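Undergrad: Numbering of the sequence shown is given in the UniProt record's numbering, commencing with residue 1 and proceeding in unit increments.
Ideal placement from N, C-alpha and C gives every residue a C-beta, glycine not left out.
It should be emphasised that the depicted structure is a prediction, and the values quoted were computed from it without experimental measurement.
I'd like to ask some things about the structure below.
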Amino acid sequence: MTNAVPGGGSAFHPSVKTWFPFARPRPEARLRLVCFPFAGGTASFLQRWADLIPDVEVFAAQYPGRETRFTETPFRDVRTLAEALGPVVRSLADRPLVFFGYSLGTLVAVEVARWLIRQGEPLPLGLLVAAGTPPGRRTSRPLYALGEKDFIKALEDYGGTPPQVLAHKDLMEMLIPMLRSDFEMVDTYTLTDASPLPVPVHAFSGDRDSHALPPVMEGWKDFTSTPDFSLQVFPGEHFFINTAADSLREAMERSMLRWRPRKA
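Here it is as structure tokens:
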């Protein structure tokens, strides 16, 4: 059983609305941008954020354990998540794809790409990676097993959770299991395949992002076998997706224009 593709293609995987609940059709778009959120991130945020990029059809992934999938058990392993996402992403490829991963999402993007390689499926035209340490190079302390007080302090230091949410005890009791699972995916990830991907990689970093500083982000060049690698640095900390939103969207648009197939 399949679902009609909103953008005018042949068919989607039956679970497409589960994994990409807020995707909206753009029949004129020649690219699909598949977005993989950061730890604690949601599809609604990334969908709204990326929908402002013109001429692309955006599919922002919804990991289990939040929003429309709040009652589902969160994943605790990146590769298991990628294996679940892979068949759904494959069904989107009747148009050229570009992957965008932010923080945790950079690992998910790489592992979905490797899943496609193992299946002999077409790869995305390129990877856009932001605020995420290259696979296998994370050196910061694990966060997911911290006690509650220290874990909440670590979330505060990351800067992505509103202070009023962190201060809301009942709400945090509901969110912490999902957040711990997301950080467990990051903290326990091990690099099993260091081979470069045969696609361009464009990386984006915040100049004050202590979790993925620009010199560290430069390491993404080892994950492409093509000469098309770039690193662009923006003012900001880990969540420069908020503070440098317009500039980041414009940079992503330039990359996608470069990769987009020419009209016949």
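(1) Among G86, P261, A167, A131, which has the Cα closest to the Cα of I241?
(2) Measure the alpha-carbon distance for L97 versus F151 and round it to whole angstroms.
(3) Thinking L33 and F100 are a contact (beta carbons under 8 Å), I'd like their distance in whole angstroms, please.
(4) For G40, which of A167, A194, E184, F223 has the nearest alpha-carbon?
(5) Can you name, in chain order, every residue of its own chain whose Cβ lies under 6 Å from the Cβ of L231, other than the five neighbours on each side?
(6) Does the separation of the CB atoms of V112 and A154 fall below 8 Å?
(7) Leaving out the 5 sequence neighbours to the left and right, which residues in its chain are closer than 8 Å to L166 when beta-carbon positions are compared?
(8) Which full runs of the alpha helix (DSSP H) of 4+ residues lie inside the region 156–214, going along the chain?
(9) Could you work out which residue in L175, P162, R69, R114 is closest to Y144 when comparing CA atoms only?
(10) Of all the options D187, R69, T42, which has the alpha carbon lying nearest to the alpha carbon of F59?
(11) Can you list, in chain order, the residues of its chain whose CB lies under 8 Å from that of residue 270, leaving out five sequence neighbours each side?
(12) If L191 and G136 are in contact, beta carbons under 8 Å, what's the gap, nearest whole angstrom?
(13) Hey, could you find the ends of the beta strand (DSSP E) R32 is sitting in?
(14) Apply the 10 Å Cβ neighbour rule to Q47 and answer buried if 16 or more other Cβ atoms are within range, or exposed otherwise.
(15) Looking at the unbroken alpha helix (DSSP H) that takes in S44, where does it start and where does it end?
(16) What does DSSP give as the partner residue(s) for L231 in the beta ladder?
(17) Between the alpha carbons of R95 and L146, how many angstroms are there, rounded?
(18) Alpha carbon to alpha carbon, what distance is there between L107 and R26?
(19) Just to check, is the beta-carbon of G160 closer than 7 Å to a non-hydrogen atom of the ligand HEM?
(20) In whole angstroms, what separates the C-alpha of V78 from that of F38?
(21) Using the C-alpha atoms, what's the distance from R66 back to E72?
(22) May I have the straight-line CA-CA distance separating R260 from F22, to the nearest angstrom?
(23) Could you pull the start and end residues of the alpha helix (DSSP H) that A93 belongs to?
(24) Along the alpha helix (DSSP H) that carries F240, what are the first and last residues, could you check?
(25) How far does the alpha helix (DSSP H) with L123 in it extend, from its first residue to its last?
(26) Buried or exposed for F234, please, with buried defined as at least 16 other CB atoms from any protein chain shown within 10 angstroms of its CB.
(27) Using alpha carbons as the reference points, say which of V88, D209, G159, P198 lies closest to V16.
TA: Let me lay it out:
(1) The shortest C-alpha separation from I241 is found at A131.
(2) 36 Å
(3) 6 Å
(4) E184
(5) A203, M217, E218
(6) No, Cβ-Cβ distance for V112 and A154 is not below 8 Å.
(7) When the five nearest sequence neighbours on each side are left out, the beta carbons in the same chain lying within less than 8 Å of the beta carbon of L166 are those of I152, L155, E156, M172, in order along the chain.
(8) 163–166, 169–187
(9) When each option's Cα is compared against that of Y144, the closest is L175.
(10) T42
(11) Absent from the model: residue 270. The displayed extent of the chain is 1 to 264, so no value can be given.
(12) 3 Å
(13) Taken as a continuous stretch (DSSP letters only), the beta strand (DSSP E) holding R32 covers 31–36.
(14) buried
(15) 43–50
(16) A203
(17) Rounded to whole angstroms, R95 to L146 spans 43 Å at the Cα level.
(18) 27 Å
(19) In terms of ligand content, the structure shown is empty, and the ligand HEM therefore cannot be addressed.
(20) 12 Å
(21) 8 Å
(22) 23 Å
(23) Segment: none, A93 is in no alpha helix (DSSP H) and carries neither H nor E.
(24) Its alpha helix (DSSP H) spans residues 240–243.
(25) Looking at the DSSP string, L123 is not in any alpha helix (DSSP H), and its letter there is neither H nor E.
(26) buried
(27) Selected option, being the one with the closest Cα: V88.
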